[in-house]
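S.K.:
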Amino acid sequence: MRIATYNLGWASGGRPIVEGITLEVKSGETLGLIGPNGSGKSTLLRLLAGIAPRPQGHVTLEGEDLRRMKRRDIARRIAFVEQQADTAEALRVRDAVALGRTPWLSPLAPFGAADAAICAKALAHVGMAQMADRSWSTLSGGERQRVHIARALAQRPQVMLLDEPTNHLDIHHQLALLRLISDLPVTVVIALHDLNQAMGCDRLAVMEGGRLAAIGPPAEVLTQTRLGRIFRVGGRALHDPTDGATQFRFHCLEDPL
Amino acid sequence: MSQTVPPAGLALHVALRGMAGGAVLLLAVLAGVILGETPLPWATVHAALANNLWGAGLPVDAIDQGIIWSYRVPRTLVAAACGAGLALAGVVLQALVRNALADPYLLGVSAGASTGAVAVTILGIGAGAIGISGGAFLGAALAFGLVAALARAAGGGPAQMVLAGIAGSQLFNALTSFFIAKSANAEQARGIIFWLLGNLSGVRWPDVTLAVPVAIIGLCVCLWHMRALDAFTFGADAASSLGIAVRRVQIVLIGAVTLMTATMVSLVGSIGFVGLVIPHAARLLVGPRHGRLLPAAALAGAVFLIAADVASRMLIPGQVVPIGVVTALVGAPGFALILIRGRGRT
Ligand SMILES: Nc1ncnc2c1ncn2[C@@H]1O[C@H](COP(=O)(O)OP(=O)(O)O)[C@@H](O)[C@H]1O
Ligand SMILES: [Mg+2]
Numbered sequence: 001m002r003i004a005t006y007n008l009g010w011a012s013g014g015r016p017i018v019e020g021i022t023l024e025v026k027s028g029e030t031l032g033l034i035g036p037n038g039s040g041k042s043t044l045l046r047l048l049a050g051i052a053p054r055p056q057g058h059v060t061l062e063g064e065d066l067r068r069m070k071r072r073d074i075a076r077r078i079a080f081v082e083q084q085a086d087t088a089e090a091l092r093v094r095d096a097v098a099l100g101r102t103p104w105l106s107p108l109a110p111f112g113a114a115d116a117a118i119c120a121k122a123l124a125h126v127g128m129a130q131m132a133d134r135s136w137s138t139l140s141g142g143e144r145q146r147v148h149i150a151r152a153l154a155q156r157p158q159v160m161l162l163d164e165p166t167n168h169l170d171i172h173h174q175l176a177l178l179r180l181i182s183d184l185p186v187t188v189v190i191a192l193h194d195l196n197q198a199m200g201c202d203r204l205a206v207m208e209g210g211r212l213a214a215i216g217p218p219a220e221v222l223t224q225t226r227l228g229r230i231f232r233v234g235g236r237a238l239h240d241p242t243d244g245a246t247q248f249r250f251h252c253l254e255d256p257l
Numbered sequence: 001m002s003q004t005v006p007p008a009g010l011a012l013h014v015a016l017r018g019m020a021g022g023a024v025l026l027l028a029v030l031a032g033v034i035l036g037e038t039p040l041p042w043a044t045v046h047a048a049l050a051n052n053l054w055g056a057g058l059p060v061d062a063i064d065q066g067i068i069w070s071y072r073v074p075r076t077l078v079a080a081a082c083g084a085g086l087a088l089a090g091v092v093l094q095a096l097v098r099n100a101l102a103d104p105y106l107l108g109v110s111a112g113a114s115t116g117a118v119a120v121t122i123l124g125i126g127a128g129a130i131g132i133s134g135g136a137f138l139g140a141a142l143a144f145g146l147v148a149a150l151a152r153a154a155g156g157g158p159a160q161m162v163l164a165g166i167a168g169s170q171l172f173n174a175l176t177s178f179f180i181a182k183s184a185n186a187e188q189a190r191g192i193i194f195w196l197l198g199n200l201s202g203v204r205w206p207d208v209t210l211a212v213p214v215a216i217i218g219l220c221v222c223l224w225h226m227r228a229l230d231a232f233t234f235g236a237d238a239a240s241s242l243g244i245a246v247r248r249v250q251i252v253l254i255g256a257v258t259l260m261t262a263t264m265v266s267l268v269g270s271i272g273f274v275g276l277v278i279p280h281a282a283r284l285l286v287g288p289r290h291g292r293l294l295p296a297a298a299l300a301g302a303v304f305l306i307a308a309d310v311a312s313r314m315l316i317p318g319q320v321v322p323i324g325v326v327t328a329l330v331g332a333p334g335f336a337l338i339l340i341r342g343r344g345r346t
């Protein structure tokens, strides 16, 4: 499913936080969102999810304006994993994942066996199947993050918006998650901190001060000048001869090379 | 919801649980009618009920029949409805505000309802047009609006809501005292203060026809939104991205909470701790999901308030202790226990 924005923006107390974002993510594409802290990545994702109040500009799903759609219809298409969402409830893992079925259920169409199967599969996808009966408060940060991702998968969305989903995850689960995302036949917009992980995206969008500084294939976007100007680091591209992949080795600009 | 029960099995499950709950409630109501300052034998109670419900024509002392049918039955039914309504209000507020301390009492809704009811009673503001219950509803809605606005101005978090609620309670309690001091004579003042602490002595049949439908409608509205309440587990934004029309659901549910609280306060005064302790106790028993939590809390609240009412009549022979005093005497230690037991769970 294609998601596009036109001149999208958001202001808080008259101060623009994000402005003038026009971009298009094709069906099935994975767009990586990178940028320094406070550059507006999370705000842009909230705008794409349609949950930021009083947005400027437009978000369209397959050409349809998000603001004209019902919340429920949006939730059947877009799943959003926030950067931090926690609860004090003594809820079990399976119940947290079952929340993902909310947009598909109604008082007359209650949670059934098919929904349970979808949830079980989603839990298995993030390697949490054996923890289905654990209570939320007993989970580690990484486990909570994986439950949130399972909840988003249980939503059966066509677009997934993920805000730094690899935070808190150990290296195995980081890589497993990134592979899972690239294997899913859905459109993904994912905010990432690790620029080397971002290299695996189809395209990258670079945010700087609430604006879109660049968008394009990773190799074109992550130039030495941009790394220096926006991220304030130097980066040397290293090539892995086994598969020809490029990885960066970063250093502070102040450091001697 | 996450057990794999086929639809037919699910319906049976729900029906069985509903019947079990109904049986518990019926037993509690019967106990409430039998027990009192002077416990009446079951034969007398049975005869009085049978005569009034299906004209059985059994011989029974007219005074006993009057005590049972005009006094104890309505009183017990109203206690049940109030307990259920206040417990439901607590469950809903805790889910929407995402604070374990949220309940109609702490958020100032009960205080606002009291002020509204007192304003109508002694100042006679709009007495003819809206009545005491209407005044209580306006007071409760005004209090909640003020508290919500203050919480928003203070940053809008769950903690701010409870802090604003405390400020709101104080303000409205002060207003109530002011109205009483300004306009009530000594006799009126005594009556109102007694009523404010929670008092079911004056309850008659017309009160039943208000309290019971409000509790049932409240339960239905809450149950209709049980999935939305679940979806608030991770906050309003998460609920929104799960497809909940957050604003609309908040308005409907806060409306239901205000209606239930105002009705109950206008009938029996402001009773604390039911909305706070019962939801937590129910959560410990059936878990945090609202499909089971709402009915469980309603039932537990009904049974608890019937028991509190019986206790209020029997504690000191020949004297009625305000029911709010009983609920606080039981509720405060109960809440302490829940806090300690819930450690690590929440
Ligand atoms: N609700 C808000 N109100 C005011 N300012 C905000 C709000 N949310 C974010 N900001 C500000 O907007 C900027 C961008 O934030 P954010 O989108 O979270 O950046 P990122 O995710 O890239 O780190 C930050 O300076 C932050 O302080
Ligand atoms: Mg962020």
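Chains as they are written, first to last, in our numbering: chain G, 1 to 257; chain H, 1 to 346.
Using N, Cα and C, we set each Cβ at its ideal position, and we do this for glycine too.
1. Against chain H, with Cβ distances strictly below 8 Å, would G:L33 count as a contact?
2. Give, in chain order, every unbroken run of the alpha helix (DSSP H) that is at least 4 residues long and sits entirely within the region 204 to 275 of chain H.
3. Answer yes if the region 189 to 202 of chain H comes into contact with the region 130 to 147 of chain H, meaning at least three C-beta pairs across the two stretches below 8 Å, and no otherwise.
4. I think G:M160 touches G:L33, with their Cβ atoms under 8 Å apart; what is that distance to the nearest whole Å?
5. What first and last residue would you give for the alpha helix (DSSP H) that runs through H:V330?
6. Per DSSP, G:R92 is paired with what?
7. Of the residues G:E164, G:A98, G:L178 and G:R134, which one's Cα is nearest the Cα of G:K41?
8. Between G:R72 and chain H, is any beta-carbon pair separated by less than 8 Å?
9. Can you pull the DSSP bridge partners for G:M207?
10. CB-CB under 8 Å to H:S351, same chain, minus the five flanking residues each way: which ones, in chain order?
11. Using a Cβ-Cβ cut-off of 6 Å (strictly less than) and excluding sequence neighbours within five positions of H:A28, which residues of its own chain qualify?
12. For chain G, is any of its Cβ atoms less than 8 Å away from the one on H:G235?
13. Cβ of H:L293 less than 8 Å from any chain G Cβ?
14. Distance, Cα to Cα, H:P295 vs H:S183?
15. Taking DSSP as the reference, what is the three-state secondary structure of G:I51?
16. Report the start-end ranges of each alpha helix (DSSP H) in the region 86 to 160 of chain H that is 4 residues or longer and not cut off at the edges.
17. How would you list, in chain order, the residues of chain H whose beta-carbon sits under 7 Å from the beta-carbon of G:D65?
18. Grab me the residues of G:D133's own chain with a C-beta within less than 8 Å of its C-beta, minus the 5 sequence neighbours each way, in chain order.
19. Would you say the beta carbon of G:S42 is closer than 7 Å to some non-hydrogen atom of ligand 1?
20. Any Cβ of chain G within less than 8 Å of the Cβ of H:I244?
21. On the criterion of 16 or more Cβ atoms from any shown chain inside 10 Å, does H:D61 qualify as buried, or is it exposed?
22. With the cut-off set at 8 Å, would you say G:T166 and G:V25 are in Cβ contact?
23. When the Cα atoms are used, what is the spatial distance from H:V92 to G:S12?
24. Tell me, please, whether the CB atom of H:A231 is closer than 8 Å to any CB atom in chain G?
25. Are there three or more Cβ pairs, one per stretch, closer than 8 Å when the region 150 to 165 of chain H is compared with the region 102 to 111 of chain H?
26. Given this structure, state the Cα-to-Cα distance separating G:L227 from G:G35, to the nearest angstrom.
27. DSSP state of G:R236, grouped into three classes?
28. What is the C-beta distance between H:V330 and H:A308, in whole angstroms, given that I count them as a contact (C-beta under 8 Å)?
29. In this structure, how does DSSP classify H:Q3 when only helix, strand and coil are distinguished?
30. In chain H, which residues lie less than 7 Å from G:R134 when you measure between Cβ atoms?
31. Could you pull the start and end residues of the beta strand (DSSP E) that G:I3 belongs to?
32. Which of the three DSSP states, helix, strand or coil, is assigned to G:D163?
33. Which same chain residues, not among the five before or five after H:A56, have their C-beta less than 6 Å away from its C-beta?
34. In the DSSP output, what is G:E62 paired with across the bridge?
35. In chain H, which residues lie less than 7 Å from G:E143 when you measure between Cβ atoms?
36. In whole angstroms, give me the CA-to-CA distance for H:G318 and H:G36.
M.R.: On the basis of the supplied data:
1. no
2. 205 to 224, 226 to 231, 236 to 241 and 246 to 268
3. no
4. Incorrect: roughly 13 Å between the Cβ atoms, too far for contact.
5. I323 to R341
6. G:S135
7. G:E164
8. yes
9. G:L212
10. Residue 351 of chain H cannot be examined here, being either before or after the span of chain H that is shown, 1 to 346.
11. V303 and I306
12. yes
13. no
14. 42 Å
15. coil
16. 109 to 118 and 127 to 153
17. The contacting residues do not exist; G:D65 stays about 17 Å from chain H at best.
18. R92, V93 and R94
19. yes
20. yes
21. exposed
22. no
23. 30 Å
24. yes
25. yes
26. 10 Å
27. strand
28. 7 Å
29. The pLDDT assigned to H:Q3 is 45, lower than 50, so where the model puts this residue is not dependable, and the model offers no usable value.
30. Those do not exist, as G:R134 stays about 12 Å from chain H at its closest Cβ, beyond 7 Å.
31. I3 to S12
32. strand
33. A50
34. According to DSSP, which records beta bridges pairwise, G:E62 is partnered with nothing at all.
35. Under the 7 Å cutoff, chain H gives no residues; its nearest Cβ is about 15 Å from G:E143.
36. 10 Å
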